[in-house]
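Engineer: Per our numbering, the sequence shown starts with residue 121, numbered consecutively. Using N, Cα and C, we set each Cβ at its ideal position, and we do this for glycine too. Just so you know, these numbers come straight off a predicted model, no measurement behind them.
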Amino acid sequence: MVSADYSSNHVLGGKNRNGGVFKYWIDSSVTSYGYGASITNAKNSWNAVPNAGILLYETSNADDSQIKYYVTDNELGSGVFGAADFWNRSSSGTLSAVSAASVISGTNFDMTRIRLDHGRMSSASYTSAQRNHNTGHETGHAMSLHHFELSPAHSGNHWMKSGQISLNSPSSQDADHLVWKWPVP
Ligand SMILES: [Zn+2]
Ligand SMILES: [Zn+2]
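(1) Among Gly140, Val223, Ala124, Trp145, which residue has its Cα nearest to the Cα of Ala182?
(2) Out of Ala124, Phe206, Asp230, Gly260, which one is the CA nearest neighbour of Ala162?
(3) With distance defined between alpha-carbon atoms, name the residue in Gly197, Ser248, Leu265 nearest to Ala220.
(4) Would you say His267 touches ligand 1, meaning its beta carbon is less than 7 Å from a heavy atom?
(5) Buried or exposed, going by whether 16 or more other CB atoms sit within 10 Å of the CB of Met121?
(6) Which class does Asn288 belong to by DSSP, given the choice of helix, strand or coil?
(7) How about the stretch 188 to 195 and the stretch 238 to 247: do they share at least three Cβ pairs that are nearer than 8 Å?
(8) Closer than 8 Å is the cut-off here; do at least three beta carbon pairs connect the stretch 130 to 139 with the stretch 223 to 238?
(9) Quick check on the contact list: which residues have their beta carbon closer than 5 Å to a heavy atom of ligand 1?
(10) According to DSSP, is Leu298 part of a helix, a strand, or is it coil?
(11) Please determine whether the Cβ atom of Ser282 lies at a distance below 7 Å from any heavy atom of ligand 2.
(12) Among the residues of its own chain, which have a CB less than 7 Å from the CB of Ser216, if the five just before and after it don't count?
(13) Identify the residues that DSSP records as bridge partners of Arg209: which are they?
(14) By a C-beta neighbour count over all protein chains shown, 10 Å radius and 16 as the cutoff for buried, is Tyr126 buried or exposed?
(15) Go to Arg235, then tell me how far its beta strand (DSSP E) extends in each direction, as first and last residue.
(16) Of the residues Ile285, Lys188, Pro303, Gly256, which one's Cα is nearest the Cα of Ser149?
(17) Reducing DSSP to helix, strand and coil, say where Asn136 ends up.
(18) Pull the bridge partners of Pro303 from the DSSP assignment, please.
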């Protein structure tokens, strides 16, 4: 068995200032392109991880959300199927970007914007299980998980391994890292 590595290669140093409760808001583009089920699967599967101090649930209030989901159409770079980026929110609601590098090294943030690219996934003939992996993967970034293919890589398939992977729920390694980052308070 590969021992867990909890360095910033696998777990982002920073985290959402709101703590382990992640209210998420869904843009109308998600429904238009038919990705609601993938987000529900990500929510239910991450929420089912035993002993993790996290809770994902939907809110209709975008301005009070920790995650905002969008589906784009060939907006991301070639070969990029999903993206997560990080933002601060001022008391007046203005958003300002926080670089991935600073989040990796320990800067906290208020909101994660997730974009799932329907055009890129369609071009690569994504299946339902691959959509579920992509959505679970980007949601994992919002909860401060990073890439398990980075050295020391974890073998096998995981939601937090990048690529076109058929996987409907997080692996035991995904779950282990989530619990490490978010122990039950
Ligand atoms: Zn690890
Ligand atoms: Zn990623």
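Structural biologist: Short version:
(1) Residue mapping note: residue 182 aligns to position 62 of the sequence shown, counting from 1. The shortest C-alpha separation from Ala182 is found at Trp145.
(2) For this step, residue 162 is matched to residue 42 along the sequence shown. Of the candidates Ala124, Phe206, Asp230, Gly260, the residue whose Cα lies closest to the Cα of Ala162 is Gly260.
(3) Residue mapping note: residue 220 aligns to position 100 of the sequence shown, counting from 1. Looking at the Cα atoms, Leu265 is the closest of the given residues.
(4) Here residue 267 is taken as the residue at index 147 of the sequence shown, counted from 1. Checking the Cβ of His267 against ligand 1 gives no.
(5) Numbered from its first residue, the sequence shown carries residue 121 at position 1. Because the pLDDT at Met121 is just 44, under 50, the model does not fix this residue reliably, and the point stays unresolved.
(6) Indexing the sequence shown from 1 puts residue 288 at position 168. Asn288 carries a coil assignment under DSSP once its states are collapsed to helix, strand and coil.
(7) In this structure the stretch 188 to 195 touches the stretch 238 to 247; the number of beta carbon pairs closer than 8 Å is three or more.
(8) With three or more CB-CB distances shorter than 8 Å, the stretch 130 to 139 counts as touching the stretch 223 to 238.
(9) The set, ordered by position in the chain, is Ala124, Asp125, His130.
(10) Looking up residue 298 in the sequence shown gives position 178. In the structure shown, the three-state DSSP call for Leu298 is helix.
(11) Along the sequence shown, one-based indexing puts residue 282 at 162. Checking the Cβ of Ser282 against ligand 2 gives yes.
(12) Here residue 216 refers to the residue found at position 96 when the sequence shown is read from its first residue. Correct list, in chain order: Trp207, Asn208.
(13) Your numbering for residue 209 matches position 89 in the sequence shown. Paired residue(s): Leu215.
(14) Stepping through the sequence shown from its first residue, residue 126 is reached at position 6. With fewer than 16 Cβ atoms within 10 Å of its Cβ, Tyr126 is classed as exposed.
(15) For the purposes of this step, residue 235 is identified with residue 115 of the sequence shown, where counting begins at 1. Counting along the chain, the unbroken beta strand (DSSP E) around Arg235 starts and ends at 231 to 237.
(16) The count along the sequence shown starts at 1 and reaches residue 149 at position 29. The shortest Cα separation from Ser149 among Ile285, Lys188, Pro303, Gly256 belongs to Lys188.
(17) By 1-based counting over the sequence shown, the position of residue 136 is 16. In the structure shown, Asn136 sits in a strand (DSSP, three-state: E or B).
(18) As a position in the sequence shown, residue 303 is number 183, starting the count at 1. DSSP output for Pro303 lists Ala172 as bridge partner(s).
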